[in-house]
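Q: Residue numbers (the numbering used here): 425 to 898. For each residue, glycine too, the CB sits at the ideal point set by N, CA and C. For reference, the structure I am asking about is given below.
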Amino acid sequence: MAKTYKMYLGGHWVDRANKIKVASPYNGAVVGQVAAASRKDYTEAIKIAHQTFQQTRDLPSYQREQTCLAVAAGLEKNHEKIATMMSRELGKSLTDARGEVTRSIGVFRVAGEEAKRVGGEIIDLDWSPGSEERMGLVRRFPRGVIAGISPFNFPLNLVAHKIAPAIASGNTIVLKPASSTPIVALMLAELIDGTDHPKGAVSILPGSAREASPLLDDPRVKLITFTGSSEVGWWIKEHSGRKEVVLELGGNAGVAIADDVDLEFAATRLLYGAFAVAGQSCISVQRIYVHEKIYNRFLRLFKAKVLKLKVGNPLNPRTDIGSMVSREAVKAAMQIVKAAVADGAELLTGGAARGGLMQPTVLTNVKRTMDVCSKEAFAPLAVVQPYKSFKKVIAEINDSEYGLQAGVFTNRLKDVFYAFKHIQCGGVVVNDIPTYRADHQPYGGMKNSGLGREGVRYSIEDMTEIKILSMNLK
């Protein structure tokens, strides 16, 4: 019989009659069921978080650091257990799941370090006559209750990117994990519960968007941090009143490959960038532009690598690509592939699916107006196109409603800085894939890809407010 998991409400484990059933997208087996939170539960968690903020705001930095490091140690101790559950509830390959747990350990360690750096600065205020001997002390102070909403595709790391900065900065947080992958988040709650951090500072409540409406409506919530689709993200911003909002939304990452690069290295990295986590990442490589001089050679090399990928049981350590989050997601991805082929695109690999599994698919001879080029696929799907002019290919990369991250493979320094200046996105990665993300870097997008930045330090900046103490020292 599948295990039942209670929600973590205000420092207590609470059960409810209403349950969310969690099933493996790979084979449909029930992984577990979790207590489903109601509006009343979310409101109660916000109330407790608001009260507990009186404690967390005064915690010394070393205590906030100790909490983060204790959680990191707990993740390390339970590494395989958590990775296995992630693979079961999401269908993510065990290799990718293990990598996500390792990254999450790093997020909490970085947060422990940043907890000691939430400082400020001294500024001179003597810029005009009569202001002699005046100075200012500028410091950051925690906002209060943070509402976090996380997606299914990284059910631990993207939860960590909301909870760890909140703890490090002295805030409290009420988090709603994705309903399809809530168990790993509740396993994280167990680790937080085992620390000395004030009870009530963190709540993790699985529930529907409708029941979670207090996260948007309650005035005690000071900031909403959301990761998910662009459609939902902008709706949240529109309906969140005067709250501060941080949005990490969709993407359609483009990569340019110049004719002066190590093609073997580029192809190997693009293989990972396009097909890791079954392409279900907002910075998954979707559009690949290759200089015409090396285009055919790249296609042969890339195709050979793609055909070696193993698709199947996510719990098999030899599996490269597990299942997508649902059969509906597979169906939607296959529809845009079929539409592209009907419009003249050519299949280099893939184009087939079975159940929750989709074969890694590469298309050529595509048009920029096709959905496989212009929309976020969120699937193991990439298109490859030749280019002549570097400046024109940068314009092609920009020809998207999204602007999260992009990649450029080149050894020409002038082109590197041209790309950095002109690509309209939050991050440009040189000689690697845009799927690369260091968890302490600023991370976020332009255009339809979001608002604000994540990355522990930058999340802390969003979760804190600047205050100045102006002093006349005469």
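By DSSP, does L781 sit in helix, in strand, or in coil?
A: Correct three-state label for L781: strand.
Q: Leaving out five residues before and five after D683 in sequence, what residues of the same chain have Cβ atoms less than 7 Å from its Cβ?
A: Cβ within range, chain order: H715, K717, I718.
Q: For T428, list the residues DSSP reports as bridge partners.
A: Its beta-bridge partners are Q457.
Q: Which runs of the alpha helix (DSSP H) fall wholly inside the region 676 to 728 and span at least 4 residues, in chain order?
A: Runs found: 687 to 699.
Q: Which first and last residues belong to the alpha helix (DSSP H) in which Q487 is found?
A: 485 to 501 is the span of the alpha helix (DSSP H), which, as asked, contains Q487.
Q: Helix, strand or coil for V796? Go by DSSP, reduced to three states.
A: Residue state, collapsed to three classes: helix.
Q: Do the CB positions of E672 and G874 come within less than 8 Å of each other?
A: Taking 8 Å as the Cβ cut-off, E672 and G874 qualify as a contacting pair.
Q: Can we count H585 as close to the ligand SAH, meaning its CB is less than 7 Å from some heavy atom?
A: Here there are no bound small molecules, and the ligand SAH is not part of this structure.
Q: Could you pull the DSSP bridge partners for R563 from this structure?
A: BP columns for R563 point to G544, K891.
Q: Enumerate in chain order the residues of its own chain whose CB-to-CB distance from Q704 is below 6 Å, with the five nearest sequence positions on each side excluded.
A: N577, F802.
Q: Check each candidate in A777, T692, P630 and name the one with the smallest Cα separation from W437.
A: Closest option to W437, Cα to Cα, is P630.
Q: What residue from E557, V685, V525 has the CA that sits closest to N835's CA?
A: Cα-wise, what sits closest to N835 is V685.
Q: Give me, in chain order, the residues of the same chain whose beta-carbon lies closer than 7 Å to that of I890; leave out the 5 immediate sequence neighbours on both sides.
A: These residues qualify, in order along the chain: V562, R564.
Q: When the Cα atoms are used, what is the spatial distance from D863 to W551?
A: Near 39 Å, if we compare the C-alpha coordinates of W551 and D863.
Q: Give the list of continuous beta strand (DSSP E) stretches no shorter than 3 residues that lie fully inside the region 598 to 672.
A: Whole beta strand (DSSP E) segments, 3+ residues: 626 to 628, 645 to 651, 668 to 672.
Q: Flag this pair as touching only if the region 494 to 506 and the region 522 to 533 have three or more C-beta atom pairs under 8 Å; answer yes or no.
A: Cβ pair count under 8 Å is three or more, so yes.
Q: Using only alpha-carbon positions, find the residue among G434, M794, A459 that is nearest to V446.
A: Checking every option, the nearest Cα to that of V446 belongs to A459.
Q: Roughly how many angstroms lie between the CA atoms of V817 and V808, to the nearest whole one?
A: The alpha-carbon atoms of V817 and V808 are separated by roughly 12 Å.
Q: Could you tell me the distance, in whole angstroms, from the CA atom of T619 to the CA atom of R440?
A: So the alpha carbons of these two residues sit roughly 25 Å apart.
Q: What does N896 pair with, by DSSP beta-bridge criteria?
A: Beta-bridge pairing links N896 to R558.
Q: Which of helix, strand or coil does DSSP assign to Q809?
A: The answer is strand: DSSP assigns Q809 an E or B state.
Q: Grouping DSSP H, G and I as helix and E and B as strand, with all else coil, what is Q848?
A: Note: Q848 maps to coil in three-state DSSP.
Q: According to the neighbour-count rule (16 or more other Cβ atoms, all chains shown, within 10 Å of its Cβ), is S824 buried or exposed?
A: Under this definition S824 is a buried residue.
Q: Quick one: grab the DSSP three-state call for Y826.
A: Y826: strand per DSSP, three-state reduction.
Q: For I681, which option in D795, G434, R721 has the closest C-alpha, if you only look at C-alpha atoms?
A: Closest option to I681, Cα to Cα, is R721.
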